[in-house]
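A.B. asks: In this note's numbering, the protein residues as written are 1 to 259.
#1: If the criterion is Cβ atoms closer than 8 Å, does the pair residue 203 and residue 219 meet it?
#2: As an exercise, report each continuous beta strand (DSSP E) stretch of at least 3 residues that is fully enclosed by the stretch 19 to 86, in chain order.
#3: Can you name the residues that DSSP bridges to residue 6?
#4: Please state the DSSP three-state secondary structure of residue 181.
#5: Which residue from 201, 36, 152 puts its Cα closest to that of residue 136?
#6: Skipping 5 residues on each side, what residues in its chain have a beta carbon closer than 6 Å to that of residue 83?
#7: Between the C-alpha atoms of residue 22 and residue 129, what's the straight-line distance to the nearest angstrom?
#8: Mind checking residue 72: buried by the 16 CB within 10 Å criterion, or exposed?
#9: Are residue 133 and residue 153 close, meaning C-beta to C-beta below 8 Å?
#10: Apart from the five residues on each side of it in sequence, which residues of its chain come closer than 6 Å, Cβ to Cβ, to residue 51?
#11: Nearest-angstrom Cα distance between residue 249 and residue 240?
#12: Is there contact here, the stretch 4 to 12 with the stretch 58 to 68, by at least three beta-carbon pairs under 8 Å?
#13: Please name the residue or residues paired with residue 120 in a DSSP beta bridge.
#14: Output the boundary residues of the alpha helix (DSSP H) element that contains residue 244.
#15: What does the Cβ neighbour count give for residue 90, buried or exposed, with the cut at 16 atoms within 10 Å?
#16: Classify residue 75: buried if its beta carbon has 16 or more other beta carbons within 10 angstroms, exposed otherwise.
#17: Assign residue 234 to one of three DSSP states: helix, strand, or coil.
#18: What's the gap between the Cα of residue 81 and the Cα of residue 69?
#19: Just confirm the distance between the C-beta atoms of residue 151 and residue 175, as a whole number of angstroms; I'd bet it's less than 8 Å.
#20: In terms of DSSP beta bridges, what is residue 14 paired with?
#21: Taking C-alpha atoms, which residue in 182, 194, 211, 177 lies nearest to residue 86?
#22: Provide the residue(s) that pair with residue 202 in DSSP beta bridges, ordered along the chain.
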């Protein structure tokens, strides 16, 4: 049995007297899609921010690629190979697709002098963007297209493509199909499945859409009021059961926590 890509071990987070997370533990394997679900206030966003390095846990451990990691800044998580695509996507609408894909990692001309002067090689960036997005089966009219002219599904695809272009091993997607139409939702879900099946990337999906969760997830982790309420195998559950665990109508493998 292969080691997991990431192991979350007894993660707890307190904000003063408020216990936001009360001992969360689960794993994600390479080539596995794990859905993180729960009602508003369940602790999903807090956990994602810890994994992505926005703030440290109060206690607990994160094992990534068989190494204990302590992220003190989002750049630490990025450098380790973890990328988070938030619901707002963090794309700059005034820039074109290539400029967004290479944002903060721009290709420059003239070697070290060009890097010092900030002389970007936009032609090469656009060629590389087209190759990268084509490899991911992401369909856009042109790398020169401004993001402001793109549909919601195209923007989501570009944000995911940017994350994968830089060799990420774990991709966290926050509500990847929110506000998308039926056709665009299907395109995004198919892309996520391709990343799992062909790139063997680990994916953590945060979603309130139980239909999407049941469609693509291999495993579902349920949080309820900061507690790890259940870990469900997709083959042994159904969307109604997932909702029941979220609301507390059903109890699963509850993690007992100290009062």
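Think of the CB as a built atom: it goes at the ideal place given N, C-alpha and C, for glycine as much as any other residue.
C.D. replies: With the given structure in hand:
#1: No, Cβ-Cβ distance for residue 203 and residue 219 is not below 8 Å.
#2: Within the stretch 19 to 86, the complete beta strand (DSSP E) runs of at least 3 residues are 33 to 37, 59 to 64, 67 to 69, 82 to 85.
#3: Beta bridge pairing from DSSP links residue 6 with 28, 64.
#4: Coil, per DSSP.
#5: Answer by Cα proximity: 201.
#6: Within its own chain, the residues whose Cβ lies closer than 6 Å to the Cβ of residue 83, once the five positions on either side in sequence are excluded, are 163, 168, 171, listed in chain order.
#7: Between the alpha carbons of residue 22 and residue 129 lies a gap of roughly 42 Å.
#8: Exposed, since its Cβ has fewer than 16 Cβ neighbours within 10 Å.
#9: Contact flag unset, no.
#10: Result list for residue 51: empty, nothing under 6 Å.
#11: Going by the C-alpha atoms only, they are around 11 Å apart.
#12: With a cut-off of 8 Å, the stretch 58 to 68 and the stretch 4 to 12 count as touching, because enough Cβ pairs lie within range.
#13: DSSP lists 108 as partners of residue 120.
#14: That run of the alpha helix (DSSP H) goes 239 to 247.
#15: Residue burial is scored here from C-beta neighbours: residue 90 has fewer than 16 other C-beta atoms within 10 angstroms and is therefore classed as exposed.
#16: By the neighbour-count definition (other C-beta atoms within 10 Å, threshold 16), residue 75 is an exposed residue.
#17: The answer is helix: DSSP assigns residue 234 an H, G or I state.
#18: CA-CA distance, residue 81 to residue 69, rounds to 12 Å.
#19: Taking 8 Å as the upper bound for CB-CB distance, residue 151 and residue 175 are not in contact here, some 16 Å apart.
#20: Its beta-bridge partners are 19.
#21: Among 182, 194, 211, 177, the Cα nearest to that of residue 86 belongs to 177.
#22: Bridge partners of residue 202: 170.
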